[in-house]
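Reading through the structure tokens given below for one structure.
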Amino acid sequence: MTAAATAAATTTQGPPYDAVVPAIRTTGLTRRFGSQVAVSAVDLLVPRGAVYGFLGPNGSGKTTTIRMLLGLLAADSGEIEMLGQPMPDALAQVLPRVGALIEGPAFHPYLTGTANLRRLDVSDATANPATSKERIAAALSRVGLTAAAGKKYRNYSLGMKQRLGLAAALLQPRDLLVLDEPTNGLDPQGTREVRHLVRELAQDGATVLVSSHLLAEVEQIATHIGIMSGGELLRQGTLTEVLSDGDAVVTVTTPDLGEALEALLLLGLADATLDREHQQVQARLGEIPAEAVAQAVINAGARLRGLTVERPHLEDLFVSLTGEGFDVLR
Amino acid sequence: MSFADLTLPVVRPRYRGAFWRLYKGEVGISLRRRRNLALLAVLSAIPLMIGIAVYLSTPRAGDGPAFLGQITGNGLFLVFTALTVCIPVFLPLVVGVVSGDSIAGEAGSGTLRYLLTVPVTRTRLLVAKTLGVATFTALAVAVVAVVGLVTGAVLFGLGNVTLLSGDTVSLGTGLLRALGVSAYVMVALFGLAAGGMFISTLTENAIAAMATTIGLVMVSALLDAVPQLSAIHGVLLTHNWLGFGEFLRSNVDTAAVLRWSALHLAYAAVFLSLAWARLQSKDVTS
Amino acid sequence: MTTSPRSLRRRAAWSAPVLTAAAIGAATLLPSAASASPHPKLPAKTAAQLLAAVQSSDVSTLSGTIVETARLGLPSLPGTNSSAALTWQTLVSGTHTARVWFNGVDQQRLAVLGQLSESDVVHNGRNVWTYASDTQAVAHTLLPANAEKSAATSATKAENLQKYTPQGAAAAALQAITPSTQVAVDPTARVAGQPAYTLVLTPRDTRSTVRKVAIAIDATHNVPLRVQVFGAGAAPAFETAFTNISYQAPAASVFAFTPPSGAKVTNDVLGTAAQKKAADKLGTKIKTGTAKVSPTVVGTGWTSVLVLPASTAGSSPLSALTSGSTSSKGDSPTAVLSHLTTTLPSGDKLLSSALINVLLAKDGRVLVGAVSPSVLEQAAAGQPG
Ligand SMILES: Nc1ncnc2c1ncn2[C@@H]1O[C@H](COP(=O)(O)OP(=O)(O)O)[C@@H](O)[C@H]1O
Ligand SMILES: [Mg+2]
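Here it is, written out as structure tokens:
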């Protein structure tokens with residue numbers, strides 16, 4: 048079969064380009080809906096191999112950004128580059144290497160899970176028709192849907208639907224996965240499986256962009272983070288980079304409060320406070336390593352009974368950036 | 049960092065026959081939908097019911113729809129009667145449902161965004177959808193014709209065919225002419241199907257698209273019935289739908305048939321280019 | 009705001025349907041424009057020359073499509089869904105298409121086309137067949153052998169006679185009509201793809217509703233291709249024209265008619281004893297006065313008025329129309345009439361159209377003419393029944 052001959056070159060052989068080429072890079076990406084700016088001058092940078100947590104409250108513009116990345120929405124201005132190629136011009140070359148889950152799964156209710164996947168697979172010009180069956184079965188088993196493969200989609204539970212959406216994204220080997228709220232509707236068990244799946248994919252060398260408004264789950268898997276709010280990308284970088292923006296706080300427990308406070312101030316720590324009741328001195332750690340603080344306190348002659356460093360939680364940062372409260376911003 | 053000096057990105061090879069698979073997938077899906085099967089069932093019931101009715105009560109010449117009186121003499125006429133009965137309402141209904149649903153249905157259920165990110169380029173998708181709708185349209189006409197032929201043959205037998213002009217031709221020629229009639233009806237419906245596809249790109253509400261498409265037929269038929277508008281009658285979408293009668297005359301005016309067919313195809317071309325333009329610029333937000 | 013790439017791309021896509029429509033428009037308009045213009049450059053001809061040419065035309069074979077269109081502008085009838093009313097409506101406003109084939113005096117065929125029906129008249133030698141697909145009724149008339157012969161000989165005689173003096177005949181005809189009619193020739197028409205002269209007859213009497221009559225005549229074959237009668241409107245109130253024509257002899261199979269098997273065939277032989285009997289019966293009927301009184305004509309030329317006496321009018325198409333509508337609609341004939349007509353101060357009723365006016369006099373007479381209503385009223389007053 049001639050198809051098989053062409054297929055020989057199909058499988059990707061390792062990372063095809065320099066690691067410095069980001070999987071996704073946008074510059075000044077902007078999209079309006081009427082007078083509302085849904086995405087405003089976003090410069091997204093997703094390095095290759097990263098698990099990028101794309102965070103933001105509801106309505107912050109995550110899905111709109113993702114739709115523009117995938118060529119579903121036209122941008123008003125700005126540029127997009129995916130896997131090193133301009134989008135949406137190179138859409139036909141880029142998207143076969145991208146698996147996507149966009150704002151929840153969508154399938155034909157009157158078809159079975161398998162038939163739905165087959166429909167997408169036959170639509171893919173770069174999918175080998177000879178291996179279609181195996182790939183569909185593999186994708187289904189990877190998301191734990193093998194048992195329900197023969198059921199009509201309309202009879203699926205919310206979680207099963209979500210899993211089928213993930214299976215569709217995994218029909219082919221992907222270099223990039225764009226998963227918009229992948230754990231929506233999943234039970235805790237399912238959520239854990241998705242986390243596991245994302246880690247697995249990343250280990251296989253894929254880049255993963257996971258959008259979510261659930262911070263805890265992203266914090267556990269992400270290497271990189273971007274925080275959207277009101278259409279703007281407020282923070283972006285590696286997880287530690289982003290978190291260090293909110294300073295860690297060092298707490299020294301000692302009966303010799305005066306000496307300790309003096310030592311901290313001498314080290315140049317900011318916002319030092321005294322807590323006589325608990326015999327504690329607190330200050331923002333900044334760039335100073337914790338062991339240097341311990342040394343300084345002891346050198347000052349204070350009796351060091353305890354020292355804790357508390358890094359801020361992603362959630363605190365998130366709330367401080369995007370605002371408190373339950374309301375959708377716009 | 050300059051991007052020019054990087055290794056060329058991997059381009060995945062395409063497998064041959066990809067478009068054929070896409071098209072087959074389209075047709076397969078339309079044939080697996082229970083709604084569509086029900087439509088075909090209704091269509092096939094029409095010649096069946098006419099045949100049985102004629103069998104039970106022999107109508108006289110001139111009664112009822114055209115050709116009804118000739119069915120008892122020759123079952124082939126059931127094909128023509130059934131098509132005459134189906135073309136004003138039932139066939140447009142089926143075509144309206146399938147074409148109106150084609151893009152809007154996928155947009156409404158969200159499957160459009162997953163097809164486009166497979167990726168299926170928008171042009172390819174439109175061409176595949178168009179061929180899918182055209183296939184279903186042709187199938188719908190064929191169902192009426194074939195069920196009519198079989199029912200007619202079983203109940204009344206087949207024989208030489210008396211044309212509208214009073215001349216008689218052999219059964220073989222008659223069957224060829226029935227083929228011509230069916231082909232013409234298919235072509236006539238393509239214009240409507242294309243209109244439905246264009247309407248389907250305008251909305252995410254499939255029901256609205258179907259209703260509008262069927263409305264298109266009704267408006268055209270209405271305008272066609274207003275004598276004061278006789279100047280534009282010739283170019284109305286539905287005006288020449290009954291032109292298949294030309295195949296049943298002794299001297300078929302081929303030029304007229306080609307002219308009418310060209311009009312249907314011109315409608316199809318304009319509607320499809322509109323659909324293409326709309327789909328190209330469409331924001332897929334569902 | 010400057011135009012974003014998004015809106016640019018969108019605008020570019022919409023040029024596709026514009027171009028498609030333009031291409032289709034060009035494809036349909038260009039050939040017809042090419043055939044319509046420039047106007048054929050025909051040598052100037054006088055009306056007399058034109059008529060003479062028509063009379064001396066030796067075309068005996070042709071086939072083509074004739075389309076007849078009437079735009080009489082009658083008010084639409086109530087209950088047009090009833091078949092009777094529809095027939096009436098299509099007669100006075102609508103288009104009819106027929107195909108004709110001629111092959112000398114012995115072979116002709118006429119097919120009047122319905123959408124899914126057809127009525128045929130086939131003349132082949134001594135046989136005349138008529139067939140109507142609606143009823144599948146076949147009528148066969150056998151022409152008398154000698155009559156055919158004599159008809160043929162008389163035809164050739166007449167032809168010979170005409171050949172001697174076509175010019176003379178044309179001149180005589182023109183002389184007869186010039187007092188009432190202005191005659192002009194326009195050499196710039198094209199009908200059914202053929203360059204044609206148009207003979208334009210304009211009534212001098214302005215009381216006629218006929219503004220002008222235009223007859224287009226094929227410049228090379230001298231066959232009349234189109235007749236248009238203009239009333240008040242810009243479009244002809246009545247028009248019959250070839251939409252395509254070929255002067256080649258039609259295939260012999262066109263005239264070979266075999267009645268479909270199983271069809272009811274009514275046979276008729278012209279010149280038989282039975283027919284003589286029927287004719288005699290009619291004669292006695294007329295003598296005894298059971299036959300209807302014949303209509304009379306008042307006035308001359310373009311302003312002639314046909315007066316149907318009260319007894320004849322009872323079976324006129326008009327009353328047929330009213331009764332036809334009645335049967336299906338349930339309206340009384342008077343109700344239907346009042347919908348169509350206007351009542352004049354005199355109490356007479358007027359049925360007015362773009363070309364023909366009909367006066368329904370109180371006394372039951374019906375006056376018909378292509379004249380203004382006042383002429384009809386005058387005729388009614390001057391000719392009491
Ligand atoms: N098709 C649309 N028309 C109008 N406004 C829209 C449309 N899609 C999204 N928006 C608006 O854009 C903003 C961003 O939405 P979205 O990208 O879906 O947010 P997220 O995915 O972060 O929850 C919201 O305020 C939303 O109302
Ligand atoms: Mg979202």
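Protein chains in written order, with the working numbering: chain C, 48 to 377; chain Y, 49 to 334; chain S, 9 to 393. We put the beta carbon where it would ideally sit given N, CA and C, even for glycine.
Run the proximity test for residue i: is its beta-carbon closer than 8 Å to any non-hydrogen atom belonging to ligand 1?
i	result
Ser-82/C	no
Pro-152/C	no
Gly-156/Y	no
Asp-331/Y	yes
Thr-112/C	yes
Thr-107/C	Before going on, a small fix: residue 107/C reads as Ser here, not Thr. Checking every heavy atom of ligand 1 against the Cβ of Ser-107/C, one is found closer than 8 Å.
Pro-94/C	no
Gly-103/C	yes
Met-275/C	yes
Gly-381/C	Because chain C is modelled from 48 through 377, residue 381/C falls outside the range shown and cannot be assessed.
Val-89/C	no
Cβ of residue i within 8 Å of any heavy atom in ligand 2?
i	result
Asp-222/C	no
Asp-227/C	yes
Thr-230/C	no
Ser-258/C	yes
Could you say which of the options lies nearest to residue i if we only look at CA atoms?
i	options	result
Leu-150/S	Ala-245/S, Thr-143/S, Thr-138/S and Gln-144/S	Thr-138/S
Thr-369/C	Tyr-200/C, Arg-239/C and Met-275/C	Met-275/C
Ser-188/C	Leu-164/C, Pro-156/C and Ala-253/C	Leu-164/C
Thr-287/C	Ala-295/C, Leu-281/C and Leu-280/C	Ala-295/C
Ala-242/Y	Ile-262/Y, Val-229/Y and Leu-306/Y	Ile-262/Y
Trp-310/S	Glu-76/S, Arg-215/S, Leu-38/S and Ser-71/S	Arg-215/S
Val-145/C	Val-217/Y, Leu-96/Y and Val-58/Y	Val-58/Y
Ile-223/S	Val-62/S, Arg-17/S and Pro-25/S	Val-62/S
Arg-166/C	Arg-69/Y, Asn-288/Y, Gly-291/Y and Ile-94/Y	Arg-69/Y
Gly-212/C	Gly-252/C, Gly-160/C and Ala-269/C	Gly-160/C
Ala-318/S	Ser-312/S, Ser-302/S and Gly-307/S	Ser-302/S
Leu-209/S	Pro-203/S, Gln-202/S and Val-218/S	Val-218/S
Val-137/Y	Gly-117/Y, Val-90/Y and Thr-249/Y	Val-90/Y
How would you label residue i, buried or exposed, when you count the other beta carbons within 10 angstroms and need 16 or more for buried?
i	result
Ala-20/S	exposed
Gly-355/S	exposed
Ser-261/S	exposed
Gly-205/Y	exposed
Pro-302/C	exposed
Pro-156/C	exposed
Gly-307/S	buried
Asp-136/C	exposed
Using DSSP with H/G/I as helix, E/B as strand and the rest coil, what is residue i?
i	result
Leu-124/Y	coil
Val-169/C	helix
Trp-324/Y	helix
Val-306/S	strand
Gly-33/S	helix
Val-283/Y	coil
Arg-18/S	helix
Gln-386/S	helix
Ser-360/S	strand
Asn-230/S	coil
Val-84/C	strand
Ala-330/C	strand
Asn-299/Y	coil
Ile-119/Y	coil
Thr-350/S	strand
Entirely within the region 198-269 of chain C and at least 3 residues each: give me those beta strand (DSSP E) ranges in chain order.
223-227 and 254-259
Every unbroken beta strand (DSSP E) within the region 196-253 of chain S, with a cutoff of 3 residues, ordered by chain
202-211, 220-226 and 232-238
Ordered list of alpha helix (DSSP H) runs contained in the region 247-283 of chain Y, each at least 4 residues
254-272 and 278-281
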